[in-house]
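Novice: As you go down the protein sequences, you meet chains A and B in turn.
Counting in this note's numbering, the first sequence runs without a single skipped number right up to 270 at its last residue.
Counting in this note's numbering, the second sequence runs without a single skipped number right up to 270 at its last residue.
Below: one structure in structure tokens.
Number of protein chains: 2
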Amino acid sequence: MTYCVALKLERGLVFAADTRTNAGIDNISTFSKLHSWEQDGERVMVLLSAGNLAITQAIISQLEQHQRSDNLDSATIFNVQSMFQAARVVGDAVRQVYAIDGKALEARGESFTASLIFGGQIKGESPRLFHIYAEGNFIEATDDTAFFQIGEHKYGKPILDRVARADMRLGEAAKLLLVSFDSTLRSNLSVGMPVDLLAYQADNLRITRKKRIEQDDEYFKDLSDGWSVALREAFDNLPELEI
Amino acid sequence: MTYCVALKLERGLVFAADTRTNAGIDNISTFSKLHSWEQDGERVMVLLSAGNLAITQAIISQLEQHQRSDNLDSATIFNVQSMFQAARVVGDAVRQVYAIDGKALEARGESFTASLIFGGQIKGESPRLFHIYAEGNFIEATDDTAFFQIGEHKYGKPILDRVARADMRLGEAAKLLLVSFDSTLRSNLSVGMPVDLLAYQADNLRITRKKRIEQDDEYFKDLSDGWSVALREAFDNLPELEI
């Protein structure tokens, strides 16, 4: 499995993705599930992917192939004028990969699984964040629901439900995503370190804050230990049930 | 869905179950998923059930029918001499219901879903706790893994993973199960109040501490609010990521 989460804030966007992939439980590898593209001062886009790795890699290759193509007529994530149009391009790439691989997968009893979080900013717009489905359609984050999760999302959802707020600082939001990851990593073996993090500051239109958190990362260890201690203390301080 | 959880402690056993059942999202009812039986001073047994309500009710009726039968030759949960044998009786009841209903369900594309937590004590033994599967086989809780969850278990697992300890007091463990429920209730609509709680003190051999926590229960409201505040404080006190 996979765990990816992204948060839309007043100050920008924050993305995090684990890197574990597995075919069965005894064939585990590390693949980045966070991809980003930028045209300095013009546009920044980030894609988080969950599902069948062959499918999600094909989608990304499809998107990047456009960049090298000379066909200026077709819409690509590098030439569209809004994030909505860019999300359409990503959705179209999902449908193209389905057209190529879907039938063969279904014939073998495998389902076409792909779930994407896509966000970023194009000059002239505010940052936007989308959740794109295997069918190629998508929804957009609003003030009511400012975060999206894909993959193994349940363990890390309670803390997001309680703490996520649109007015958080980027570093604070990055901390929140890592706490959400910590809960998931402890409870589910199919999600694994390292974790890729990207914090995008609104109107910056370039990627300056991207980090891979390794297993032995000092900050993450302190965060994880500190959170455990704080949770136990918080729990001890609650009144006991008289039953 | 459903959320049920039970914890085996040095001091006894604690069980909790929600009461929401649904057929589709617009047909919601309240059914107890916590069933208990006692023979005063002789045996106490508790069963938590998740899955298809028709199946789990049939299993319970099957177990109770034994009580009224005069056939003293057959093993029932009321005449066996160990909790292991009792778990076998429950597993057999699951298999009998499968024999009756399984084919018709599968013919309509419905799967035979039933997942049970079964625990208690028979005089002469220590309290024991089992997780019984839809196939009728089961596993037992040990010191290494002292809790079982069934149904919508992921949201409430991180806090159990961090806080559950075999030397907890019963009231402390009941508090833990309610915190685990609170996370689940907030994040998943298919799990609903009221929550049934039962705390069994080892060697008591009678049920004295059983409680239904209603939506407007003062203790639960304070616990839920207190936990939210404590979590946010704990989160705020952790160092921010410099990214």
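We put the CB at the ideal spot given by N, CA and C, even for glycine.
So, with DSSP's three-state summary, where would you put VAL107/B?
Specialist: VAL107/B: coil per DSSP, three-state reduction.
Novice: Pick out the complete alpha helix (DSSP H) segments inside the region 62-141 of chain B, 4 residues or longer, and give them in chain order.
Specialist: Complete alpha helix (DSSP H) runs here, min 4: 80-95, 110-134.
Novice: Do we get a CB-CB distance below 7 Å when we pair TYR182/B with the residues of chain A?
Specialist: Yes, because at least one Cβ of chain A sits closer than 7 Å to the Cβ of TYR182/B.
Novice: Does the beta-carbon of GLN108/A have 16 or more other beta-carbons within 10 angstroms, so that it is buried, or is it exposed?
Specialist: Exposed.
Novice: By Cβ distance below 6 Å, which residues in the same chain neighbour MET220/A in space, the five residues on each side in sequence not counted?
Specialist: GLN242.
Novice: For PHE175/B versus ALA191/B, is the C-beta distance shorter than 7 Å?
Specialist: No, the pair does not count as a contact, with Cβ atoms beyond the cut-off.
Novice: Could you work out which residue in ASP209/A, ALA85/A, ILE159/A is closest to GLY129/A when comparing CA atoms only?
Specialist: When only C-alpha atoms are compared, the closest one is ALA85/A.
Novice: Listed from N- to C-terminal order along the chain, which residues in the region 216-241 of chain B have their beta-carbon within a distance smaller than 7 Å of any beta-carbon of chain A?
Specialist: Residues LEU224, ALA226, ARG236, LYS238.
Novice: Comparing alpha-carbon positions, which option in GLN228/B, LYS184/B, TYR227/B lies nearest ASP209/B?
Specialist: Among GLN228/B, LYS184/B, TYR227/B, the Cα nearest to that of ASP209/B is on LYS184/B.
Novice: Could you please tell me which residues of the region 247-259 of chain B, in chain order, have their CB closer than 8 Å to any CB of chain A?
Specialist: Answer set for the region 247-259 of chain B: ASP249, LEU250, GLY253, TRP254, SER255, ALA257, LEU258, ARG259.
Novice: Does the beta-carbon of THR83/A have 16 or more other beta-carbons within 10 angstroms, so that it is buried, or is it exposed?
Specialist: Buried: at least 16 other Cβ atoms inside 10 Å.
Novice: Give a yes or no on whether the C-beta atoms belonging to LEU74/B and HIS62/B are separated by under 7 Å.
Specialist: Against a cut-off of 7 Å, the Cβ pair of HIS62/B and LEU74/B comes out as a contact.
Novice: Can you tell which of TYR30/A, LEU232/A, GLU199/A has its C-alpha closest to the C-alpha of LEU265/B?
Specialist: Among TYR30/A, LEU232/A, GLU199/A, the Cα nearest to that of LEU265/B is on GLU199/A.
Novice: Considering only their Cβ atoms, is the gap separating ALA33/A from GLY146/A smaller than 7 Å?
Specialist: Cβ atoms of GLY146/A and ALA33/A: closer than 7 Å.
Novice: Please state whether the Cβ-Cβ distance between PHE157/A and ALA114/A is less than 7 Å.
Specialist: Result yes, Cβ atoms of PHE157/A and ALA114/A sit closer than 7 Å.
Novice: CB VAL218/B to CB LEU212/B, shorter than 7 Å?
Specialist: Against a cut-off of 7 Å, the Cβ pair of LEU212/B and VAL218/B comes out as a contact.
Novice: I want to see whether chain A comes within less than 7 Å of GLU245/B, judged by CB atoms only; does it?
Specialist: Closer than 7 Å: no.
Novice: If you draw a straight line from the C-alpha of ILE166/A to the C-alpha of GLY39/A, how long is it?
Specialist: For ILE166/A and GLY39/A, the distance between alpha carbons rounds to 18 Å.
Novice: Starting from the C-beta of VAL124/B, find all residues in its chain whose C-beta is less than 7 Å away, skip the five residues before and the five after it, and write them out in chain order.
Specialist: These residues qualify, in order along the chain: ILE82, ALA85, ILE86, GLN89.
Novice: Suppose the cutoff is 6 Å on Cβ atoms and the five residues either side in sequence are ignored; what does the same chain contact list for SER56/B look like?
Specialist: Result list for SER56/B: THR48, in chain order.
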